[in-house]
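Report on the following structure.
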Amino acid sequence: MTPETHGSDGLLIVEDLALLLADDASGTPAGAATLHYSLGGALLVELALLGRVEAEEGSWRSRTTLRAIGDGPLPDPLLQEAYDAIAEKPRAVSSILLTIGSGLWEPLVDRLVERGLLEQKKSRFLGIFPTTSHPATDDPYEPALRARVASVLEGEDPDDPRTAGLVALISASGTLPSLHPQPRWSGTVHDRGKEFEKGDWGAKATAAAVTRATTAVTAGSIAAAIAAATTATR
-15 MTPETHGSDG LLIVEDLALL LADDASGTPA GAATLHYSLG GALLVELALL
35 GRVEAEEGSW RSRTTLRAIG DGPLPDPLLQ EAYDAIAEKP RAVSSILLTI
85 GSGLWEPLVD RLVERGLLEQ KKSRFLGIFP TTSHPATDDP YEPALRARVA
135 SVLEGEDPDD PRTAGLVALI SASGTLPSLH PQPRWSGTVH DRGKEFEKGD
185 WGAKATAAAV TRATTAVTAG SIAAAIAAAT TATR
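Position one of the sequence shown corresponds to residue -15 (our numbering), numbered consecutively onward.
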């Protein structure tokens, strides 16, 4: 399996994101406290790529709303559930992220186990308490995906809008330092991640304006929500 195979016939963006956020040894996610925002954002970006959501900018960024567009069934139950939730009524992006992103981690881990990208290990802590971990397998898909994301952050233009959207989501979630292998960290890498959050993807990653707009709005909402959560816990 290679990163080029993902999409409607392979992994969703949200599955790629979950795989990147999962610790290779334990499967514990980076950024767990605000994970629902990041995972919900990945579903929104995928729906935008499919032409099924549209952003409507309000007077304040936080009040930007999304509405469902198009018709017909979607290729994956997770996408369909997210679309149906958005279709109920136009809502602020921050509200949508919470609605569609909550409770996603466990189903995503199950999917990744089924795909052979994570394994499930049961053991007992101190020989008494049952525990379950989900370490990475030796499938080459994840290392190739991580290397691809790192190369984009280090300056290479993404070949497709899916990778661009993934980079934007990772940057907005504040989990860039958890990537392995880590990109050659510098102010340039940080700034490049912020460019992707704004929908500035370079010449190769061509996509409809609605996709860029939705990604920018989503990334902005994720970053704002995480900043607010971080401030509240201090």
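Here a beta-carbon is modelled for each residue, glycine too, at the ideal position from N, C-alpha and C. Please read all numbers here as calculations on a predicted model, not as lab measurements.
- Query: CA-CA distance, Gly87 and Arg176?
  - Reply: Spanning the two alpha carbons is a distance of roughly 30 Å.
- Query: Among Leu5, Ala69, Arg75, Ala134, which residue has its Cα nearest to the Cα of Thr18?
  - Reply: The shortest C-alpha separation from Thr18 is found at Leu5.
- Query: Are the stretch 120 to 127 and the stretch 85 to 102 in contact at 8 Å, needing three or more beta carbon pairs?
  - Reply: Verdict: yes, contact present.
- Reduced DSSP category for Glu90 - H, G, I as helix; E, B as strand; rest coil: Residue state for Glu90 is assigned as helix, using DSSP reduced to three classes.
- Item | Alpha carbon of Gly158 to alpha carbon of Glu40, nearest angstrom | Using only the alpha carbons, I get a separation of about 25 Å.
- Query: Under the three-state reduction of DSSP, which class applies to Glu267: helix, strand or coil?
  - Reply: What the structure shows of the chain is the stretch from -15 to 218, and residue 267 is not part of that stretch, so it cannot be assessed.
- Query: Leaving out five residues before and five after Leu224 in sequence, what residues of the same chain have Cβ atoms less than 8 Å from its Cβ?
  - Reply: Not covered by the structure: residue 224. The range shown for the chain is -15 to 218.
- Message: For Thr115, list the residues DSSP reports as bridge partners.
- Response: Answer is Ser107.
- Ordered along the chain, which non-local residues of its own chain (more than five positions away) have a Cβ less than 8 Å from that of Gly171? None.
- Message: Can you list, in chain order, the residues of its chain with a C-beta nearer than 7 Å to that of Phe180? Leave out the 5 residues immediately preceding and following it.
- Response: Non-local beta-carbon contacts of Phe180 in its own chain, meaning distances under 7 Å to residues more than five positions away in sequence, involve Ala148, Val151, Ala152, Ser155 in chain order.
- Task: Let me know the secondary structure DSSP gives Leu(-5) once reduced to three states.
- Result: Note: Leu(-5) maps to coil in three-state DSSP.
- Message: Just list the residues that DSSP pairs Leu50 with in beta bridges.
- Response: Per DSSP, the beta-bridge partners of Leu50 are Ala39, Arg75.
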